[in-house]
Amino acid sequence: MGLSLEDIEFEKIRDHVGHNVVAVTYGNPPVAAAIECETYNEVLYNVERLNMQTLRPAGMWQFLLLVASSVEKQVIASDELENEITNLAIVETAKALGIPLSDLSGDQDDSWSELVEVARERGDISVSLKKIAVLQLGERIPPAAADKEN
């Protein structure tokens, strides 16, 4: 992490000999550090913390199956897996209710609606399939690496 010898330019240092050069950090806690020439108000070198974690909002699908108020199954899937998680919800809910899949209508939405209604009537099983917002924890890509990816 930081500057390598290849990043440091002789001319950049030479041009600021005799100037007021300082090392500073930005953020609390620090997320970036710089070497700056205060004489010319110029940033000579700037680096960001490579492993700084970031939070990104994301839409996800959540399937929740409760049996006797205890979590039996909980599945979270990315937005593009809506069809797959819906199929999983149908299979798992039908199994929990003891309903053969062949007894359900062929349409995915109708099958899910039927199962939700049966679960509601029974009372001991609760199911939900909904889109939720989550914050995904990830690592920030340093500017140099981001440039290489693009």
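Going by my numbering, the sequence shown opens with residue 46, and the numbers climb by one from there.
Just so you know, even glycine gets a beta-carbon here, dropped at the ideal spot from N, CA and C.
In this text the structure is predicted, and so the values were computed from the model without any measurement.
- The criterion of a C-beta distance shorter than 7 angstroms is satisfied by W106 and K176.
- Between T138 and L109, the CB-CB gap reaches or exceeds 7 angstroms.
- Residue ranges of uninterrupted alpha helix (DSSP H) with 4 or more members, entirely inside the segment 124-171 and ordered along the chain, are 127-142, 153-167.
- The criterion of a C-beta distance shorter than 7 angstroms is satisfied by A122 and I130.
- Looking at E54, P102, V136, the one whose alpha-carbon comes closest to that of K118 is V136.
- Between V112 and I170, the C-beta gap is smaller than 7 angstroms, which places the two residues in contact.
- In the DSSP annotation of this structure, E87 is not part of any alpha helix (DSSP H); the continuous beta strand (DSSP E) holding it starts and ends at 87-93.
- DSSP, read as helix, strand or coil, puts E83 in coil.
- Residue A103 holds the alpha-carbon nearest to the alpha-carbon of E125 among A103, V163, D60, V66.
- Rounded to whole angstroms, the Cβ separation of N91 and A68 is 11 angstroms, and the two are not in contact under 8 angstroms.
- Around the CB of S156, 16 or more other CB atoms lie within 10 Å, so the residue is classed as buried.
- The three-state secondary structure of E56, taken from DSSP, is helix.
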